[in-house]
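Numbering (the working numbering), first residue to last: -9 to 111.
In what follows, a single structure is set out as structure tokens and then discussed.
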């Protein structure tokens, strides 16, 4: 486990690095179901830690926790166009579709596709 750097340990390290970066044009979104669902639903500490307070203490300008699609839409309207470092935690339930497949694109391919999509906007 220590060599792979997955789960909340990696997430907290990322928060610190991003928070201290001084980025002024980033919305960081975390989907939090409080578990490692892909490996059997084992609980993580993310279900007991206030990630919004953590993000703010690490340098994020603002942080929001949302529980529903309506709340998320409202928060996205608030932060859209802001030039600051924003953290959004979306609380989700454990559970996924039984036919949900594993990712088949590499992280690099996902990044390139996302950048291409943004360029088309």
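All C-beta atoms in this analysis are idealised placements derived from N, C-alpha and C, irrespective of residue type, glycine included.
Every value quoted in this text rests on a predicted model; they were computed, and no experiment measured them.
Check your understanding: Under a three-way DSSP split, which group does residue 33 fall into?
Key -> Residue 33 falls in the strand class under three-state DSSP.
*If we call anything under 9 Å between Cβ atoms a contact, is residue 75 one with residue 6?*
Remark: C-beta atoms of residue 75 and residue 6 do not approach each other more closely than 9 Å.
- Query: With DSSP run on the structure shown, which of helix, strand or coil describes residue 48?
  - Reply: Of the three classes helix, strand and coil, the one that applies to residue 48 here is coil, per DSSP.
**Asked** Under three-state DSSP, which class holds residue 53?
**Response** Strand, per DSSP.
- Query: What is the rounded straight-line gap between the Cα of residue 103 and the Cα of residue 71?
  - Reply: The alpha-carbon atoms of residue 103 and residue 71 are separated by roughly 22 Å.
Contact the stretch 73 to 89 vs the stretch 36 to 54: 3+ CB pairs below 8 Å:
With contact defined as three or more Cβ pairs closer than 8 Å, the stretch 73 to 89 and the stretch 36 to 54 are in contact.
Quiz item: Are residue 49 and residue 86 closer than 9 Å when you measure CB to CB?
Solution: No, Cβ-Cβ distance for residue 49 and residue 86 is not below 9 Å.
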